[in-house]
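K.L.:
Quick one: the structure is below, and I'll ask about it shortly.
In UniProt numbering, the protein residues as written are 1 to 435.
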């Protein structure tokens with residue numbers, strides 16, 4: 001994957017959290033000032049993203065856990081990585097449960113949770129089996145459609161927005177803003193997952209790449225919050241569990257086109273499929289990268305666990321209370337200290353000059369590892385592929401030389417035969433003259 005493809009994947013995954021999942025929590029915690037909360041957290045998020053770029057540069061964009069293991073005791077490297085992997089595992093499970101609950105609550109009240117969960121899990125299993133490259137391609141197809149639909153609802157409801165509902169600013173002081181920043185930080189801090197994908201990025205990550213992405217993510221979070229406040233008011237918007245979905249119900253195009261609330265179903269499923277598949281791929285690559293069979297068994301085991309989680313008797317509101325009270329604050333309290341710990345480790349470790357000379361990137365133009373293999377096997381496979389390419393080039397050159405020599409010999413034989421035929425005709429003519 002190149003840098004652009006990685007950002008497409010992260011934008012579709014993290015965009016669901018920033019745009020939908022965090023939205024009611026910010027409105028509940030900060031009220032009318034929720035949009036200020038998103039911007040205030042973004043002020044810290046943008047320079048924090050540059051810290052991620054520094055870590056990637058210092059590690060040479062190698063496999064993160066293995067790079068840590070090379071420079072410290074393997075036990076300590078696992079201690080630094082496992083909490084983040086656990087958060088990714090729980091976020092994917094939470095997304096499965098919330099997606100199934102949201103569908104049943106809004107438009108499929110008589111459906112079996114197991115059936116809906118199995119359909120969603122089947123799509124995610126196929127994405128995981130096909131690998132990171134297919135996830136990147138799918139994100140490149142789905143994300144432009146999702147963005148286009150978001151611009152449609154934002155512009156279509158512009159006539160009914162009352163901007164005066166955003167005032168007064170800071171009516172209750174800065175305490176609501178600070179209270180909501182812990183939820184915004186949970187969504188913003190998911191950017192550190194790029195460190196677990198950095199060995200698959202083809203090309204160097206630069207600071208301006210990360211600045212553009214972080215500003216886009218802040219915009220994705222602020223947009224639906226402003227829309228909810230200006231369309232429903234701060235009190236009603238805070239009472240809604242999925243305010244972006246309710247905004248679609250207000251959309252009307254002309255006199256005859258309305259009830260377009262089936263479009264957010266596509267948006268939600270697009271983000272949910274990537275948000276579920278990506279953590280499972282990272283987990284499978286970390287814990288079961290030795291061979292393809294072990295990787296697929298691990299993926300199936302994880303998704304069977306997710307399918308069983310859909311039987312937990314929690315409705316949408318109970319799940320929201322759990323996430324608001326425990327889960328999202330816990331995500332912030334794990335990811336932010338983990339990112340600071342990773343940054344300190346990167347500061348203390350001396351860079352590998354040999355790696356830095358080529359940017360830690362593979363010389364053959366590949367993604368650094370084959371799509372379905374681990375790091376050690378990936379390097380061996382890369383060397384084998386390089387040797388095979390050299391062998392194929394030698395074979396092609398040899399076959400071309402043989403083909404040229406054959407053609408030359410054929411042309412020589414043709415010239416000799418022509419000369420023999422001319423001599424024969426001359427002899428025949430001479431014999432006729434004598435006779």
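Cβ coordinates follow ideal geometry from the N, Cα and C atoms, glycine included. Since the structure is predicted, the reported quantities are computational estimates derived from the model, not experimental observations.
Helix, strand or coil for residue 258 per DSSP?
P.N.:
Here residue 258 sits in strand by DSSP.
K.L.:
Cutting at 7 Å between CB atoms, please list the residues of its own chain near residue 439, excluding the five before and the five after it.
P.N.:
This structure leaves residue 439 out entirely; the chain is present only between 1 and 435.
K.L.:
In the DSSP output, what is residue 202 paired with across the bridge?
P.N.:
DSSP lists 2 as partners of residue 202.
K.L.:
Is it true that the region 218 to 229 meets the region 78 to 98, where meeting means three or more beta-carbon pairs spaced less than 8 Å apart?
P.N.:
At 8 Å Cβ cutoff, the stretches do not touch.
K.L.:
In chain order, what residues of the same chain lie with their CB nearer than 8 Å to the CB of residue 230, ignoring the 5 residues before and after it?
P.N.:
So the list reads 161, 162, 163, 165, 166, once near-sequence residues are dropped.
K.L.:
If we ignore side chains and look at the alpha-carbon of each, how far apart do residue 140 and residue 177 end up?
P.N.:
Each residue's alpha carbon lies about 35 Å from the other.
K.L.:
From the DSSP secondary-structure annotation, give me the bridge partner or partners of residue 252.
P.N.:
According to DSSP, which records beta bridges pairwise, residue 252 is partnered with 258.
K.L.:
Might you give, ordered along the chain, the residues of its own chain that have their beta carbon closer than 8 Å to the beta carbon of residue 436, omitting 5 neighbours on each side?
P.N.:
Nothing in the structure corresponds to residue 436, since the chain is present only between 1 and 435.
K.L.:
Looking at residue 55 and residue 195, is the spacing between their C-beta atoms short of 8 Å?
P.N.:
Taking 8 Å as the Cβ cut-off, residue 195 and residue 55 qualify as a contacting pair.
K.L.:
Throw me the rounded Cβ distance for the residue 22 and residue 186 pair, which I believe falls under 8 Å.
P.N.:
Indeed they touch by this definition, with Cβ atoms about 7 Å apart.
K.L.:
Measuring CA to CA, which of 64, 92, 109, 170 is closest to residue 34?
P.N.:
Ranking 64, 92, 109, 170 by Cα distance to residue 34 puts 170 first.
K.L.:
Please state whether DSSP places residue 293 in a helix, a strand or coil.
P.N.:
Three-state DSSP puts residue 293 in a helix.
K.L.:
For a test of the three-state rule: what should DSSP assign to residue 161, helix, strand or coil?
P.N.:
In the structure shown, residue 161 sits in coil (DSSP, three-state: anything other than H, G, I, E or B).
K.L.:
Below 7 Å CB to CB, which residues in the same chain sit around residue 286 once its five sequence neighbours on both sides are set aside?
P.N.:
Correct list, in chain order: 65, 85.
K.L.:
Take the Cβ of residue 174 as the centre, count every other Cβ of all protein chains shown within 10 Å, and call the residue buried at 16 or more, exposed below.
P.N.:
Residue 174 should be labelled exposed.
K.L.:
Applying the criterion that 16 or more other CB atoms from any shown protein chain within 10 Å of the CB defines a buried residue, is residue 341 buried or exposed?
P.N.:
Exposed is the call here.
K.L.:
Starting from residue 219, follow the alpha helix (DSSP H) in both directions and report where the run begins and ends.
P.N.:
Taken as a continuous stretch (DSSP letters only), the alpha helix (DSSP H) holding residue 219 covers 207 to 232.
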